[in-house]
Each structure stands twice: as C-alpha cells, then as structure tokens.
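The structure appears below as structure tokens.
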Amino acid sequence: MTASPARLPRRRGNPVAGRVLLGAAGVVLLVVIWELYKALGPASGVVIGDLTVLPRTTDIAMPHVWDMIATLFEPASGGRKGDPVWLVVAQAAAFTLGVAAVGWIVGVVVGMLLAVLMQRFRTAESAVLPWIILSQTVPLIAIAPLVRRWGSQISVGDFSWENWMSVAVIASYLAFFPVSIGALRGLNSPDANHVELFRSYGAGWWRTLVTLRLPASVPYLLPALRLAAANAVIGTVVAEVSIGLKGGIGRMILEYAQQASSDPARTWAPIFGAIAVGLVAAGFIALLGVLLRRYRRGEVPA
Amino acid sequence: MKHSTRIITGVGALAVTALALAGCSSGGSGSSTDSASGGDLTPVSLQLQWYSQAQFAGYYAAASQGYYEDEGLDVTILEGAADIVPIDVLTSGDADFAISWVPKVLGSIEQGAAVTDIAQIFERSGTTQISMKDAGITKPADLKGKTVGSWGYGNEWELFAGMNKADVPLGDISLVQQAFDMNGFLAGDIQAAQAMTYNEYAQVLETVNPATGSLYTPEDLNVIDWNDQGTAMLQDAIWADSDKLASDSAYADTAVKFIKASVKGWAYARDNAEDAAKIVTDAGSQLGESHQLWMTNEVNKLIWPSTSGVGMINQDQWDQTVSIAKGTPNETGATIITADPPETAYSNEYVEKALTELKDEGVDVMGADYKPITVTLKENGQ
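Written as structure tokens, this is what we have:
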C-alpha cells in the first residue's frame, strides 16, 4: 500500500517475494478475522429478525483454525485407517485435478472448434451461439445422471465407459462455454485493415486464421481459459457428488460431512483439498500465460 | 511464419502440461466393481441407494464370501449417489436389480415404472424422530408446536402418517429441511430430528455433549420409533424389472439365485457382524470402525428375527405401507399414490423358491434366536 504511485502501474516490476508475502498476509488476515469473530461474536450468531446474517461461533459451526490444521495430521477412518488425513485429501485432490484436467482439455478443444466454426461461417454463428448459451442454463444435477446413463451404454471392443469419464464430460460441458465465447471474440478482434492486408496479399482463410486471428485472440483467450479451468474444477467436484464417483474431493466432502457433528474441524479437510486443486489449476493457466506472453498485448476481461 | 512456429511451440507446451495433469486420472478407476472373474458366470449388477456402508452389508458379504459365485453369478455392486435414483437405473436397463425403499418406489410405479419388489430384506423401519430429553417429546402428539426436521425426498411419510394418526395437523409444526449432519439438532434449531437408528442416531451418540464433557448417551434422548407407533413403512427391498420377470425365464432364474445368495449374505452378517462390518469397510466405506459395526448391528435388528423368512413380503406390512402412501397428504396436500398399485408391484414367488433352497442347505433364514451384539460407539465413530 505504501508503494510510490510511480511504481504502481509496473506490476511486473514487483519482486516475486513481495507478492508472495502479500498473498500470505491475505490468508493470515482471513484467519485473524475468523478467530476474532469466533472469540468476540455472540454464540448464537448475529440475527436480524429471523434471518441469521452472521454464523454462530460455537465449535460445531466455526471450528478453530488450528483444529482444522491439527485434524489433517490425525489418522483417517474407514478403509483408509492408518493414513493421515492430509495424505487421503492430497490423493483425492490429485484424482479430482486429473479428471478436471481431462474435462478442461476436452472443453477447450470443443470450445475452440466451435469458435473457429462460428468465425468462419456467419450462419453457424447465428445457428450455434444461442444453443451454446442455452446449454449453460441446464442444471448440472439434471444432466449428470443422464451422462452417466448414456456413458454406461458405450462399450466398443476393449474400451468400456467408466464413471470418471462421465465426470470429465460434465466438467467439459461447463468448461467449453467461456472458451467458445472468448475465442470467438478474439478471432474477430483483428482490425479491419489487418484483415484487408491479408486479403490483398491473397492469403487464404487458413493462413489468416493461423498467422493473424489466432495470435490476436490470445489476450481474449487467456481469461477464458482461466474461467474454463475454474468451471472444470467446480464441475468435477459437483459431478462427483452427483453421480457418486469414488476417489475424488467431491465425494470426500460428502463423506466427511456425515461426521460434521462429532468432528466439525474434519469437514474442512476436503475443502482445503478443493482449494488446492483450484490453486494448481490457476497456476497452470498462469504458466500458460507466461508461455504465450509474446501475444499478450493488453488483456481484456472475458 | 515466425508467429506460427511460436504458436505450435505454445500449443505443444500446453498439450504436454495438460497430458501430465491427465496422467493423474488414469491411475484411479472410477467403477465400484466387486466382480469375481469366471468363465461361465452370469453378469449381474445391483444398484444401491447410497455409498457402500453397512446398510448393504449382506450384499457385500455375499460377494466377498463367494455366495454369488456359488450360484453362478458375477455380481457388480453399483454405489448410489446424491442424484442417482435406483429405480430409474433399473428401468433404463443399466442395472439388473436395485435396492430401494417401498414408499419411494410406489410413486414411480404409479407413474408407469414396471418394477416388482421380489424380496423385502428389511422387515422393520429404521426411521425415528429423536429429541433431547428436556424437550419432552415422547409421542407424535408432543410434536405439536415444535420445530421438526425431515430430509424430505420420500423420507417424510412415516413422520406425517404418525402425526396424522395423533391428529396433529402439519400446520401445527414448523417443518425444517434437515441436512446430512446432525448439527441443526445439536444446535437446538431442530427440536425433533429425523434419525435412522443405524446412522444419524449413532452420529449424535458419537458427539461430545458440551454440558458433560463426555459423549451423548441414549439417556439424553427421547426416540419416537415408527414401528411402535404403527406407521412404519417397508424400507430396503430388492426390486426387479417386472416385464423381464414375465418374459425372460433366465432373468427370473437369476432373480431367485440372486435373492438366495443375498439372504445367505445377510445370514452371514447376522452371525459375523464384526467381519461383515470389515468387509464393507474394505469395499471402500469411509465410516469409522465403531460406527460401521453399529450400523451392521442396527441393520441386523431390522431384519432379524424374521416373521416369515428373510425377504418374504408380509401382506399386513405391505398393506400398511400402501394405505399410508394413499392416505397421508404432505404439506402440499399430495399423497404418494392415488390408487392401489398393480399386482405386479410385489411378488413372493422368487423369494419362496430361494428360501426353500436355503432351508434345504440348512441356512437359518428365520433367525428366531437372534441376539444383537453390544456395540460401544467411540468419539467420531472411530
């Protein structure tokens, strides 16, 4: 906050260590607010009329942060007896991340193809775009059992559909949307004079796409990819709950919720896992941004 | 040219990183199979109502003890989930048999689902309404003016029927949607909470009572048991496809074999509760050790001793379930069904054959001298 005004616009000039410190400070601040409210807030929560606006401060409603951390090092229950909770959470997070990554890739490929199609043919844009938008209004809980059911009927030779593929498909269903919209805007973003220059050189559609439109779309695409990554992670976790896929964070959240009364801190363990998955996904997109930095001229929000 | 090579490098890097991430998923297979390998076994799939837990101990025991294989069946147990409706999976042909509560299925049957209850595994209801001692709720009439919790989605009918019987109109209680955990009850938001004897009741007993510093005890709680109130409805039953039963004699034979091995599995769970609990845990259940054993024991109590042999559908209990389903309106005035279900809704034909064969093998399908074990719940169900 004390940085001189002259330095502010130069974000890239900030030392990495400073940004890490700021990030850590944000987390610490959150912990302090949580514990302060827990210590000072009314035990029955802040209620206006019949509406609770701030939660209760009991241990069941708001366990101590250190209890949440301590529970990570306690042994897990059931089939994973003996392993510490953090290991079980980490494995579930890795599994969810893997499924989300597959969903993200499928979503990005489908989204890009749709965007190229819509850019190429104006009729395709009028025909497809409304459906793309409509597709996102279908609630996830309605399509999840359907996808599982359709998938279970697919069996070609040695290949048989597995439940995790249904979850990946649902994740891609959420992920393709921002990509198709963002990429379409990006592909249409080159100035008319650039397009006309290509035309005057007699460059074909493919050459124009690869050397002009795709590079120009990067500033639009990166935020879209970031949104797609977040959507893929959320889609994966929700679909795991919905169709009951074993091994991931979504199911773990539900399993641990059953213990919410007797060990309220433990229900937070899989939530930390979900946060970790989100952070890794965001980090991956940041890495992608670094790789494509050559094309990032003035990023536009999606 | 320069641009395009960079793009290709960028896309290549993207693909490599993404593939590395994707690698994580290939290791874990999502299917929850319990299959035995075998040449001439008939593949059979069973759709459960929920995740693997001791509520389904008999089926897991039958699979792990090889009872299904003995009957020539290769059984895959499909776990349920939040949005999986077992009867829909059954009618769409994705499972050969399904486990579901009778009242939940009666509505589907009226809407056209052709399914048959071929074995009524649970004879008694596990649903109760629990409250803290000081609330003084010992019978349905006491619910008047109280905050009453229910999970809804077909879990509410025994409660409504009980209140109906005690002349407490639904408008006289404040009905609260209950979550998966018992936090609402423990915090006092819900005065009378719905609890399965084998699950949520135990969740309360695994929690430290802040007033005493030790776990809640049964003495702290009042329990309204719908079996005692005469408004119990039939719960876990094995459902089969009615049309296939009628037209496909191989499927009908498989049904008999499946019931036979499943009942044998439940007899194993009765005589070896601790081993059965362990089998379920090995199948991937994350429930704690004492909680799992408690659930096995409580589920056994819903089955044993059996009035007319495990799986037999007793006419009086079926009629009671149907009459409640027809005559009990919910808060919107709707009932589960408006007319009697068709004759195909249940059949003792298959279970009778299975029980005869089991008796010939010397398997005790009555459990007349069944004694439950004593399970001590530990904190958090560990």
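Heads up: the protein sequence lines correspond to chains A and B, in order.
Sequential numbering from 1 applies to the first sequence in the numbering used here.
Sequential numbering from 303 applies to the second sequence in the numbering used here.
A virtual CB, placed ideally from N, CA and C, is assigned to each residue, including glycine.
Bear in mind the structure is a predicted one, so any value in this text is a computation, not a measurement.
{"Check": "Which of helix, strand or coil DSSP assigns to Met391/A", "Outcome": "With chain A represented from 1 up to 302, any question about residue 391/A goes unanswered, as that position is not in the structure."}
{"Check": "Residues near Ala468/B by beta carbon distance below 6 Å, same chain, minus five either side", "Outcome": "Pro442, Ala443"}
{"Check": "Within-8 Å CB hit, Ser327/B to chain A", "Outcome": "For Ser327/B, the predicted structure reports a pLDDT of 38, less than 50, and the residue's modelled location is therefore unreliable. A value from the coordinates is still provided. For Ser327/B, the answer is yes, since a Cβ of chain A falls inside 8 Å of its Cβ."}
{"Check": "Residues bridged to Ser433/B (per DSSP)", "Outcome": "Ala494/B, Asn524/B"}
{"Check": "Reduced DSSP category for Asp543/B - H, G, I as helix; E, B as strand; rest coil", "Outcome": "strand"}
{"Check": "Segment limits, alpha helix (DSSP H) that includes Ala127/A", "Outcome": "122-135"}
{"Check": "Cβ neighbours of Gly447/B in the same chain (closer than 8 Å, five flanking residues each side left out)", "Outcome": "Asp474, Ile475"}
{"Check": "Contact set between the stretch 555-575 of chain B and chain A, restricted to residues whose Cβ is under 9 Å from the partner", "Outcome": "none"}
{"Check": "Three-state secondary structure (DSSP) of Leu279/A", "Outcome": "helix"}
{"Check": "Distance CB(Ala276/A)-CB(Ala93/A) smaller than 8 Å", "Outcome": "yes"}
{"Check": "Ala579/B and Ala365/B closer than 8 Å at C-beta", "Outcome": "no"}
{"Check": "Residue interval of the alpha helix (DSSP H) (run including Ile639/B)", "Outcome": "It is not in any alpha helix (DSSP H) - Ile639/B carries neither H nor E in the DSSP assignment."}
{"Check": "Residues near Gly428/B by beta carbon distance below 6 Å, same chain, minus five either side", "Outcome": "Met498, Thr499, Tyr500, Leu604"}
{"Check": "Best match in Asp59/A, Leu245/A, Ile105/A for proximity to Trp34/A [C-alpha to C-alpha]", "Outcome": "Asp59/A"}
{"Check": "Sufficient close CB pairs (3 or more, under 8 Å) joining the stretch 264-279 of chain A to the stretch 519-527 of chain B", "Outcome": "no"}
{"Check": "Contacting residues, own chain, Cβ-Cβ under 7 Å from Phe560/B (five flanking each side not counted)", "Outcome": "Val346, Leu375, Phe399"}
{"Check": "Limits of the alpha helix (DSSP H) - the one that Leu21/A falls within", "Outcome": "16-40"}
{"Check": "Secondary structure, alpha helix (DSSP H): runs of 4+ residues fully inside the stretch 459-485 of chain B", "Outcome": "459-467"}
{"Check": "Anticipated Cβ contact below 8 Å, Lys562/B with Ala415/B, distance rounded", "Outcome": "At roughly 25 Å, the Cβ-Cβ gap does not stay under 8 Å, so Lys562/B and Ala415/B are not in contact."}
{"Check": "DSSP state of Leu375/B mapped onto helix, strand, coil", "Outcome": "strand"}
{"Check": "Phe198/A, DSSP secondary structure in three states", "Outcome": "helix"}
{"Check": "heavy atom of the ligand HEM below 7 Å from Arg120/A C-beta", "Outcome": "No copy of the ligand HEM occurs in the structure displayed, which carries no ligand at all."}
{"Check": "Within 8 Å, strictly: CB atoms of Val510/B and Leu517/B", "Outcome": "yes"}
{"Check": "From Ala554/B, Lys566/B, Gln422/B, residue whose alpha carbon lies closest to that of Asp662/B", "Outcome": "Lys566/B"}
{"Check": "Proximal residues to Leu288/A (C-beta, below 8 Å), its chain only, five neighbours per side dropped", "Outcome": "Leu222, Leu225"}
{"Check": "Assumed close pair Gln528/B, Glu460/B - CB separation to whole angstroms, cut-off 8 Å", "Outcome": "The sequence shown places Trp at residue 528/B, rather than the Gln named in the question. That pair is a contact at about 4 Å."}
{"Check": "Cβ-Cβ distance between Asp253/A and Pro270/A below 8 Å", "Outcome": "The question names Asp, but residue 253/A is Ile in the sequence shown. In contact: Ile253/A and Pro270/A (Cβ atoms closer than 8 Å)."}
{"Check": "Beta-ladder partner(s) of Ala421/B, from DSSP", "Outcome": "Ile540/B"}
{"Check": "Cβ contact check for the stretch 85-103 of chain A and the stretch 159-177 of chain A: 3 or more pairs under 8 Å", "Outcome": "yes"}
{"Check": "Cα-Cα separation, Pro178/A to Gly278/A", "Outcome": "17 Å"}
{"Check": "From Gln367/B, Gly590/B, Asp530/B, residue whose alpha carbon lies closest to that of Ala76/A", "Outcome": "Gly590/B"}
{"Check": "Listed by chain order, chain B residues near Glu255/A by CB distance under 9 Å", "Outcome": "Tyr353, Ser587, Gln588, Leu589"}
{"Check": "Gly381/B at chain A interface by Cβ criterion, 8 Å", "Outcome": "For the sequence presented, residue 381/B should be read as Glu rather than Gly. Yes, Glu381/B counts as interfacial toward chain A."}
{"Check": "Meets three-Cβ-pair contact criterion under 8 Å: the stretch 145-158 of chain A and the stretch 182-197 of chain A", "Outcome": "no"}
{"Check": "Alpha carbon of Cys326/B to alpha carbon of Asn163/A, nearest angstrom", "Outcome": "Note that Cys326/B scores a pLDDT of 40, beneath 50, so its modelled location is shaky and nothing firm can be said."}
{"Check": "Integer-rounded CB distance, given that Ile615/B should sit under 8 Å from Gln422/B", "Outcome": "4 Å"}
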